[in-house]
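Everything below concerns the one structure shown next.
2 protein chains.
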Amino acid sequence: MARWQPDAPERLAAAALDLFEEHGYENTTVIEIAERAGLTKSTFFRYFPDKREVLFGAGTVTGLLVEGIASAPSVADPLDAVADALDALGRTFFTADRREFSGRRQAVLNANTELREREALKRVDLTASMGEALNRRGVPSLTARVAAKLGTLVWEIAFDQWIDTNNSEDFGPLARQALAEVRAAAAVR
Amino acid sequence: MARWQPDAPERLAAAALDLFEEHGYENTTVIEIAERAGLTKSTFFRYFPDKREVLFGAGTVTGLLVEGIASAPSVADPLDAVADALDALGRTFFTADRREFSGRRQAVLNANTELREREALKRVDLTASMGEALNRRGVPSLTARVAAKLGTLVWEIAFDQWIDTNNSEDFGPLARQALAEVRAAAAVR
DNA sequence: CCAGTGATGGGACTTGGTCTCATCGACCCT
DNA sequence: AGGGTCGATGAGACCAAGTCCCATCACTGG
């Protein structure tokens with residue numbers, strides 16, 4: 065087995081996505097993933113704490129969102145700060161060249177409960193982080209939590225649209241529009 | 065080992081909670097849980113699909129919430145329907161005699177990532193179910209999703225307060241008050 | 001008293017995940 | 001060129017979660 069080939073984690077993640085699509089997450093073994101990447105089980109668990117995480121490793125979304133919120137214009141309404149952060153996120157992670165990959169990945173996630181579970185935890189933690197970031201900006205705690213929840217909803221909606229669209233719209237505008245609609249829905253009562 | 069003692073799943077759940085408190089979730093083995101309950105690993109997995117679920121088995125919360133939403137007065141604003149459902153939930157599950165148990169259970173949950181993960185998934189699915197129930201009542205899809213997210217937030221807030229309170233307030237009023245505050249926070253913008 | 005049924009026990013087996021140690025490859029230094 | 005160091009990898013033992021199959025026991029009804 066050739067050693068010293070670069071990008072071991074990337075190769076593992078790619079192999080994993082392929083195999084999960086071919087045989088399903090549950091019917092794929094960590095050993096199989098490692099072998100397809102030309103590596104071993106040992107190396108897999110060196111880079112990923114568990115089998116699920118191989119689909120989540122890329123990129124620290126939380127940091128970007130928190131920074132985006134922190135650096136938004138200080139006069140902004142909480143949801144505007146969230147919108148700015150989502151824009152930053154879109155520019156970094158949801159670029160046009162990653163759309164196909166994101167769609168494949170999301171299809172695999174949706175097909176398996178274990179993976180959905182991991183995603184749910186990430187989303188909960190991320191929502192909490194967003195709330196805290198807003199709170200650090202002076203937004204009252206409860207308002208911050210509300211804005212964070214709505215922000216997460218905006219993200220979900222915009223992401224689904226970004227994945228689905230056959231015409232390739234950018235994530236940023238989709239998020240802006242979803243935010244406007246969510247804001248309207250939250251106000252009408 | 066004496067067979068045919070009743071309430072096997074309840075005994076298993078009680079033993080699990082005790083052991084998780086004593087040694088932590090990760091340091092407790094399914095075999096240990098089963099032994100403390102006077103049973104075996106086989107029987108444990110007959111009643112619970114996995115180790116985490118032993119803390120979630122009691123009661124189908126989703127069904128109650130969905131029914132509560134469906135049977136709320138039809139003129140109600142979406143969040144009012146959610147409030148009615150939370151009331152029903154409180155009367156059934158969050159009764160005074162379960163407060164101590166709920167607190168112990170929640171402490172265990174909060175202490176372990178694997179358990180928080182399971183809880184996060186349940187909450188995501190529950191939020192989705194609430195949204196769909198509202199949608200079936202004629203609430204527009206997006207409004208329903210917003211109301212469901214806010215309803216989940218209300219639940220989280222009220223539940224934390226219900227657990228924490230040294231003076232024993234009922235869950236229902238706590239939820240009503242939390243809902244009023246969330247509603248105000250969502251409106252101010 | 002006996003057969004049937006349902007809950008339990010027992011144990012083999014697979015896989016995820018941890019841990020420790022050996023090994024290899026590249027790079028550096030002389 | 002050659003030896004030493006260091007980081008990345010491989011190998012394999014080991015434990016616990018979860019699955020599966022089958023034996024066994026207790027209770028029931030005839």
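Chains A and B are the protein sequences, given in the same order. Numbering-wise, the first sequence is residues 65 to 253 according to the working numbering. Numbering-wise, the second sequence is residues 65 to 253 according to the working numbering. All C-beta atoms in this analysis are idealised placements derived from N, C-alpha and C, irrespective of residue type, glycine included.
Asked: Met-65 of chain A classed as buried or exposed, judged by whether at least 16 other C-beta atoms fall within 10 angstroms; Found: In this prediction, Met-65 of chain A scores a pLDDT of 41, lower than 50, which makes its location untrustworthy; the coordinate-derived value is nonetheless stated afterwards. Answer is exposed; the Cβ neighbour count stays below 16.
Asked: Inter-residue Cα distance where the pair is Val-118 of chain A and Tyr-111 of chain B; Found: 31 Å
Asked: Nearest-angstrom Cα separation, counted from Thr-126 of chain B out to Arg-209 of chain B; Found: 16 Å
Asked: Cutoff 8 Å: Leu-83 of chain A Cβ touching any chain B Cβ; Found: no
Asked: Interface flag, Arg-180 of chain B vs chain A, CB-CB below 8 Å; Found: yes
Asked: Cβ separation of Gly-123 of chain A and Phe-157 of chain A, assumed to be a contact under 8 Å, to the nearest whole Å; Found: 6 Å
Asked: Cutoff 8 Å: Val-188 of chain A Cβ touching any chain B Cβ; Found: yes
Asked: Same chain, Cβ closer than 7 Å to Pro-142 of chain A, five either side skipped, listed in chain order; Found: Leu-198, Val-203, Thr-207, Ala-208, Ala-211
Asked: C-alpha gap between Asp-224 of chain B and Ala-98 of chain B, whole angstroms; Found: 31 Å
Asked: 8 Å Cβ cutoff, Ala-66 of chain A in contact with chain B; Found: The predicted model places Ala-66 of chain A with a pLDDT of 45, which falls under 50 and marks its position as unreliable; any figure quoted below should be read in that light. No, no contact with chain B.
Asked: Presumed contact (8 Å Cβ cut-off) between Tyr-89 of chain A and Leu-179 of chain A, rounded CB distance; Found: 6 Å
Asked: Within chain B, the residues that Lys-213 of chain A reaches when beta carbons sit closer than 8 Å; Found: Lys-213, Leu-214, Thr-216, Leu-217
Asked: Among B:Glu-245, B:Arg-155, B:Ser-232, nearest to Gly-215 of chain B - alpha-carbon criterion; Found: B:Glu-245
Asked: Contact the segment 230–243 of chain B vs the segment 164–175 of chain B: 3+ CB pairs below 8 Å; Found: no
Asked: Cut-off 8 Å between Cβ atoms - residues of its own chain near Leu-173 of chain B, not counting five sequence neighbours on either side; Found: Leu-119, Leu-179, Arg-180, Glu-183
Asked: Contacts of Glu-245 of chain A in chain B (Cβ-Cβ under 9 Å); Found: Leu-206
Asked: Chain-ordered neighbours of Val-118 of chain A on chain B, where CB pairs are closer than 8 Å; Found: Those within 8 Å of Val-118 of chain A in chain B number zero; the least Cβ separation is about 16 Å.
Asked: Where the segment 154–172 of chain A meets chain B: residues whose CB sits under 8 Å from a CB there; Found: none
Asked: Below-8 Å beta-carbon distance, Ala-145 of chain A vs any chain B residue; Found: no
Asked: Val-210 of chain A at chain B interface by Cβ criterion, 8 Å; Found: yes
Asked: First and last residue of the uninterrupted alpha helix (DSSP H) at Gly-195 of chain A; Found: 177–200
Asked: Interface flag, Leu-198 of chain A vs chain B, CB-CB below 8 Å; Found: no
Asked: Contiguous alpha helix (DSSP H) assignments of at least 4 residues, all confined to the segment 197–246 of chain B; Found: 205–228
Asked: Burial state of Ile-221 of chain A, where buried means 16 or more other Cβ atoms lie within 10 Å; Found: buried
Asked: Cβ-based neighbour list, Arg-75 of chain B, same chain, cut-off 6 Å, excluding 5 preceding and 5 following; Found: Ala-101
Asked: Leu-238 of chain B versus B:Arg-247, B:Gly-121, B:Lys-115, B:Trp-226, residue with shortest Cα-Cα distance; Found: B:Trp-226
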